[in-house]
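Peer 1: Residue numbers (the numbering used here): 2 to 425. Where a beta carbon is used, it is the ideal one built from N, C-alpha and C, also for glycine. Before we start, here is the structure in question, set down as structure tokens.
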Ligand SMILES: *Cc1c(COP(=O)(O)O)cnc(C)c1O
């Protein structure tokens, strides 16, 4: 049965971030429950990456399913231009309540990349509407903000973006802040600050770049500096938001709030596609005018989908529960204990953590790289043992759903330790 599903799939489907030649080891998944997914042969896998970092409370969560199902029977979709609906109102109210005070308005989209596109367009047109020319954008090396053209432009450049190099717009790239480079970085920014429309960054953890982590105080200092130079700040919380860092949002670690914030992934608990971009009153006001051409001309067919908003509201209910907060804390503590063990291991180059996000780098002869052969060995090794992990080259990481059990996490750690003995 598995074989026939694979054959039928390969006959018609083209998968993301996949060289389809050699991708015949596809696994058909037919069921999800809690931290587990089940393949067509009934084999169970612990979803240690929350299905690409989206699943917060586990698969097929009955509470979210019930809320979405009720919504499905009430109002499945309505145009969001000229119309609104209670879910979008309630979700914006609740979310803004949880964000820094300066966040005042919510613009809905349907994924992370488009939430970034909206943020970039807000910043560029914010200046345009006031007759100001600021052609440059600032971003971090090794950042990742999505796969649409604007989001790709502000992401770290590499083999992925090479074919599109000519089509991507000019971006000033800086390294993530450290005490050692802050002054130099500030001097670089000062040189261009009159021309820089905005700075877009992943706070604390650069996910797709390899779960790279930087210090909150250093980031705060850099953001405060950019703010003083009137560079608009776009904080990409698409991955780190909703508890991943141990606090509700990465912003809760920082002393400088952003002008614009982007969310997706865990926003609906990973149930439905939804993205959103929040902004300050100041930015909103630069578009609010008697002049119709000053409006933000952007929208998607499924803007503020009532179903997706219902899922997001249900996910927030679950996230705010005491038992979820306790689970997040427990995962943080378990990771910390494991890192202490790993740090002594001769084959471990680095082990690091930000809240529920864990990463370790395997010592390899060659440089750390996404295309490292380690992936080819590690990915099937963990799958065979019933664990879904997607090593980024020689970097192994865990982003578990919060419902993962103490025992399952310990099993994953032990399997990693065994892998260190067996592989490489
Ligand atoms: C995944 C991700 C995005 C893009 O979101 P999609 O929904 O996949 O388009 C943007 N920024 C960060 C930090 C991400 O991790």
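Is residue 145 helix, strand or coil when you go by DSSP?
Peer 2: Taking the first residue of the chain shown as 1, we reach residue 145 at position 144. Coil at residue 145, not helix or strand.
Peer 1: Rounded to whole angstroms, how far is the Cβ of residue 38 from the Cβ of residue 389, which I believe are closer than 8 Å?
Peer 2: As a working mapping, residue 38 is identified with position 37 in the chain shown. As a working mapping, residue 389 is identified with position 388 in the chain shown. So it is a contact: roughly 7 Å between Cβ atoms.
Peer 1: Taking the alpha-carbon positions, what's the residue 177 to residue 73 distance?
Peer 2: What you label residue 177 is simply residue 176 of the chain shown in a count that begins at 1. What you label residue 73 is simply residue 72 of the chain shown in a count that begins at 1. Each residue's alpha carbon lies about 44 Å from the other.
Peer 1: Taking the alpha carbon of residue 346 as the reference point, which residue from 399, 273, 418 and 376 has its own alpha carbon closest?
Peer 2: Along the chain shown, read from residue 1 onward, the residue named residue 346 stands at position 345. When each option's Cα is compared against that of residue 346, the closest is 418.
Peer 1: Give me the pocket residues for ligand 1, defined as CB within less than 5 Å of any heavy atom, sorted by chain position.
Peer 2: 112, 113, 114, 146, 147, 203, 208, 237, 239, 240 and 265
Peer 1: Output the residue ranges of the beta strand (DSSP E) runs that lie fully inside the region 109-190 and measure 3 residues or longer, sorted by chain position.
Peer 2: 137-141 and 172-175
Peer 1: Here's the rule I'm using: 16 or more other beta-carbon atoms within 10 Å means buried, otherwise exposed. How should residue 115 be labelled?
Peer 2: In the chain shown, residue 115 corresponds to position 114, counting from 1. It is buried - the Cβ of residue 115 has at least 16 other Cβ atoms within 10 Å.
Peer 1: Looking only at its chain, what residues have a beta carbon closer than 6 Å to the beta carbon of residue 148, apart from the 5 residues adjacent to it on each side?
Peer 2: To locate residue 148, count along the chain shown from 1; it is residue 147. Within the same chain, residue 148 has close Cβ partners 114.
Peer 1: Label residue 9 either buried or exposed according to how many other C-beta atoms from any shown protein chain fall within 10 Å of its C-beta, with 16 as the threshold for buried.
Peer 2: Locating residue 9 in the chain shown gives position 8, counting from the first residue. Residue 9 is exposed by the Cβ-count criterion.
Peer 1: Rounded to the nearest angstrom, what separates residue 70 and residue 78 at their Cα positions?
Peer 2: By one-based count along the chain shown, residue 70 stands at place 69. By one-based count along the chain shown, residue 78 stands at place 77. Going by the C-alpha atoms only, they are around 13 Å apart.
Peer 1: Please list, in chain order, all residues of the same chain as residue 328 whose beta carbon is under 6 Å from its beta carbon, the five residues on each side excluded.
Peer 2: In the chain shown, residue 328 corresponds to position 327, counting from 1. Excluding positions up to five away in sequence, the list reads 403.
Peer 1: Output needed for residue 219: all residues of its chain with C-beta closer than 7 Å, excluding positions within five of it in sequence on either side, in chain order.
Peer 2: Here residue 219 is taken as the residue at index 218 of the chain shown, counted from 1. Excluding residues within five positions, the ones whose Cβ falls inside 7 Å are 178, 179, 180 and 183.
Peer 1: Cα separation between residue 342 and residue 211?
Peer 2: Here the question's residue 342 lines up with position 341 in the chain shown. Here the question's residue 211 lines up with position 210 in the chain shown. Rounded to the nearest angstrom, the two C-alpha atoms are 21 Å apart.
Peer 1: Who are the Cβ neighbours of residue 80 in its own chain at under 7 Å, not counting the five residues just before and after it?
Peer 2: In the chain shown, the residue the question calls residue 80 occupies position 79. Within the same chain, residue 80 has no close Cβ partners at all.
Peer 1: Determine the DSSP secondary structure at residue 254, reduced to helix, strand or coil.
Peer 2: Mapped onto the chain shown, residue 254 falls at position 253. Here residue 254 carries a helix assignment [DSSP, helix/strand/coil].
Peer 1: Using alpha carbons as the reference points, say which of 68, 171 and 289 lies closest to residue 312.
Peer 2: On the chain shown, position 311 is the one that residue 312 refers to. Ranking 68, 171 and 289 by Cα distance to residue 312 puts 68 first.
Peer 1: Between which residues of its own chain and residue 378 is the CB-CB distance below 7 Å, once the five residues before and five after are set aside?
Peer 2: On the chain shown, residue 378 is found 377 positions in, with the first residue counted as 1. For residue 378, where only same-chain residues beyond five positions count, the Cβ hits under 7 Å are 424.
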